[in-house]
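A quick write-up on the structure given underneath.
Number of protein chains: 2
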Amino acid sequence: MILRTSPASPFGRKVKIAASVLGLSDRIEIVPADTSDPNDDLRRQNPVGKIPVLLTEDGTALYDSPVIVEFLDHVAGGGRLIPAGTGRFQVLTLQALADGLIDAAILQVYEVRYRPEERREATWVAYQAEKVTRALDHLEAKVGAIGDALDAGTIALACALGYLDFRFQGTWRASYPNLVAWLDGFTARVPAYGKTTPA
Amino acid sequence: MILRTSPASPFGRKVKIAASVLGLSDRIEIVPADTSDPNDDLRRQNPVGKIPVLLTEDGTALYDSPVIVEFLDHVAGGGRLIPAGTGRFQVLTLQALADGLIDAAILQVYEVRYRPEERREATWVAYQAEKVTRALDHLEAKVGAIGDALDAGTIALACALGYLDFRFQGTWRASYPNLVAWLDGFTARVPAYGKTTPA
Numbered sequence: 001m002i003l004r005t006s007p008a009s010p011f012g013r014k015v016k017i018a019a020s021v022l023g024l025s026d027r028i029e030i031v032p033a034d035t036s037d038p039n040d041d042l043r044r045q046n047p048v049g050k051i052p053v054l055l056t057e058d059g060t061a062l063y064d065s066p067v068i069v070e071f072l073d074h075v076a077g078g079g080r081l082i083p084a085g086t087g088r089f090q091v092l093t094l095q096a097l098a099d100g101l102i103d104a105a106i107l108q109v110y111e112v113r114y115r116p117e118e119r120r121e122a123t124w125v126a127y128q129a130e131k132v133t134r135a136l137d138h139l140e141a142k143v144g145a146i147g148d149a150l151d152a153g154t155i156a157l158a159c160a161l162g163y164l165d166f167r168f169q170g171t172w173r174a175s176y177p178n179l180v181a182w183l184d185g186f187t188a189r190v191p192a193y194g195k196t197t198p199a
Numbered sequence: 001m002i003l004r005t006s007p008a009s010p011f012g013r014k015v016k017i018a019a020s021v022l023g024l025s026d027r028i029e030i031v032p033a034d035t036s037d038p039n040d041d042l043r044r045q046n047p048v049g050k051i052p053v054l055l056t057e058d059g060t061a062l063y064d065s066p067v068i069v070e071f072l073d074h075v076a077g078g079g080r081l082i083p084a085g086t087g088r089f090q091v092l093t094l095q096a097l098a099d100g101l102i103d104a105a106i107l108q109v110y111e112v113r114y115r116p117e118e119r120r121e122a123t124w125v126a127y128q129a130e131k132v133t134r135a136l137d138h139l140e141a142k143v144g145a146i147g148d149a150l151d152a153g154t155i156a157l158a159c160a161l162g163y164l165d166f167r168f169q170g171t172w173r174a175s176y177p178n179l180v181a182w183l184d185g186f187t188a189r190v191p192a193y194g195k196t197t198p199a
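Heads up: the sequence lines are chains S and A, in that order. Using the UniProt record's numbering, the first residue of the first sequence is number 1, and each one after it goes up by one. Using the UniProt record's numbering, the first residue of the second sequence is number 1, and each one after it goes up by one.
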């Protein structure tokens, strides 16, 4: 299998960690993708041009990251990162919340990347930042119940916090001690997290 | 169950159509949500403030729309809108492509809604519009193979095209005759599509 992603992508990081936890890393070749390059095959593999994309052994392109994580779980036998019974939808909702946090953070990064200063809109950036804050507030209160579960939801949560470390200088850490402690535990339990930290 | 959504939401429309196809509409009360209102309970139900959110009978909040559609499929017995075996990941990838098309279309709408004219960025809007065009080009070539399948992928595709009808005056129709014919067939087969057309 081939994974199209970039070292900085938090959604690609989710997939790399999932593959490692499932023992599938050896079966996946990472081929870097450049979302900004119109000539990159990425835009044929996924017409909306987002990463990550997984090319399966028969050449089928799968996306986006929740679909890829579920596919890898299926390849590994199923029910390991996404439980089949009770708890499935809570795990998937936690993943959606973490992915939504990342989306709101990315839109703040894109505000700078894709616009000259005079066309940036402070109310839009604040609107996205409030989404991140509300998600962190909610997760700070909830993370004790999450505990040391290792699944698609907690992998996404770790990658969301890692993205805030990477792009927002880890300023979240001052206000969310429970999440800091939880991420420390996750990092200790899941070596792939440290190995996929963007430079 | 309670569904928080708005009449204009394409992702909420997916859920409403899925519920209808699965025979679950009678078990779901729709409670309108206003994503722009800080006092709407929505922001407690889903901290990132997106719709739709499904409140299950025990009060658990589930999101986002792919998770809700899968949950409803599970409630209805499973394997009806998302096949369990072969084809599952193609269905989920088609859904992700249609959802990605919608996301790129929504960002163009938000450019107007959330910014004064002098802070709109034409290159950003064009970047999103190109995503929509590439997705339509890809789907136009592929839709013959999709045929009359009724699943999470084709429901999402119909809602994506419906969103372009709603917010972009259906200008896509002039260039994509296969998709127009496919949507006509879908509309005829799935009464809930017409019943959920935004005003």
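Note that beta-carbon positions come from the ideal geometry of N, C-alpha and C, so glycine has one too. Here the structure is a predicted model, which is why all the values come from computation and not from measurement.
Inspect the beta-carbon positions of residue i and residue j and report whether they are closer than 8 Å.
i                      : j        : result
S/Gln95                : S/Ala152 : yes
A/Val109               : A/Arg167 : yes
A/Lys16                : A/Thr196 : yes
A/Cys159               : A/Pro10  : yes
A/Leu62                : S/Thr93  : yes
S/Ala135               : S/Gly162 : no
S/Ala149               : S/Val69  : no
A/Ile30                : A/Leu3   : yes
A/Val132               : A/Leu179 : no
A/Tyr114               : S/Trp124 : yes
S/Ile82                : S/Val91  : yes
A/Pro47                : S/Leu97  : yes
A/Leu146               : A/Trp182 : Checking the sequence shown, residue 146 of chain A turns out to be Ile, not Leu. Contact: yes.
S/Gly12                : S/Ser6   : yes
residue 233 of chain S : S/Ala76  : What the structure shows of chain S is the stretch from 1 to 199, and residue 233 of chain S is not part of that stretch, so it cannot be assessed.
A/Leu164               : A/Ala105 : yes
A/Phe71                : S/Phe89  : yes
A/Glu140               : A/Tyr176 : yes
A/Met1                 : A/Arg27  : yes
S/Asp34                : S/Asp40  : yes
S/Arg120               : A/Arg119 : yes
Run down chain A in chain order and give the residues with a C-beta less than 8 Å from the C-beta of residue i.
i        : result
S/Lys73  : As written in the sequence, residue 73 of chain S is Asp, which differs from the Lys given in the question. Neighbours of S/Asp73 on chain A: none; closest Cβ ~11 Å, over 8 Å.
S/Arg43  : Arg134
S/Lys131 : Pro47, Val48 and Gly49
Listing by chain order, which chain A residues have their CB less than 9 Å from the CB of residue i?
i       : result
S/Gly77 : Ordered by position in chain A, no residue passes the 9 Å Cβ test against S/Gly77, which lies about 15 Å from the chain.
Check residue i in the structure and name its three-state DSSP category.
i        : result
A/Arg4   : strand
A/Pro66  : helix
S/Pro47  : coil
S/Ala192 : helix
A/Ala61  : strand
S/Glu118 : helix
A/Pro38  : coil
S/Leu22  : coil
A/Ile102 : helix
A/Pro10  : helix
S/Ile17  : helix
A/Ile30  : strand
A/Leu97  : helix
S/Leu81  : coil
S/Leu72  : helix
S/Leu150 : coil
For a contact meaning CB atoms closer than 7 Å, what does residue i contact in chain S?
i        : result
A/Ala33  : Ordered by position in chain S, no residue passes the 7 Å Cβ test against A/Ala33, which lies about 15 Å from the chain.
A/Tyr163 : What A/Tyr163 touches in chain S: nothing, since even the nearest Cβ is about 14 Å away.
A/Glu57  : Near A/Glu57 there are no residues of chain S at all, since even the closest Cβ is about 13 Å away, more than 7 Å.
A/Val67  : Phe89, Leu92, Thr93 and Ala96
A/Trp124 : Tyr114 and Arg115
Name the chain A residues that come within less than 7 Å of residue i, Cβ to Cβ?
i        : result
S/Leu179 : None at all; the shortest Cβ gap to chain A is about 13 Å.
S/Pro121 : In the sequence under discussion, the amino acid at residue 121 of chain S is Glu, which differs from the Pro named in the question. Result: Tyr114, Arg115 and Arg119.
S/Tyr63  : Thr93 and Ala96
Quick one: list the residues of chain S neighbouring residue i, beta-carbon separation under 9 Å, in chain order.
i       : result
A/Thr60 : Phe89, Gln90 and Thr93
Taking 7 Å as the cut-off, is the beta-carbon of residue i closer than that to any non-hydrogen atom of the ligand ATP?
i       : result
A/Ala61 : Annotation note on the ligand ATP: not contained in the displayed structure, which lists no ligands.
Checklist entry - Is there contact between the segment 48 to 64 of chain S and the segment 171 to 189 of chain S, where contact requires at least three CB pairs shorter than 8 Å? => result Contact between the segment 48 to 64 of chain S and the segment 171 to 189 of chain S is absent, because fewer than three Cβ pairs lie under 8 Å.
Next on the checklist: Counting only Cβ-Cβ distances shorter than 9 Å, please list the residues of the segment 82 to 113 of chain A near chain S, keeping chain order.
Outcome noted: Taking 9 Å as the cut-off between beta carbons, the residues of the segment 82 to 113 of chain A near chain S are Arg88, Phe89, Gln90, Leu92, Thr93, Gln95, Ala96, Leu97, Asp99, Gly100, Leu101, Asp103, Ala104, Leu107 and Tyr110, in sequence order.
Checklist entry - What are the residues of the segment 139 to 155 of chain A that lie near chain S, defined by any Cβ-Cβ distance shorter than 7 Å? => result Answer in chain order: no residues at all.
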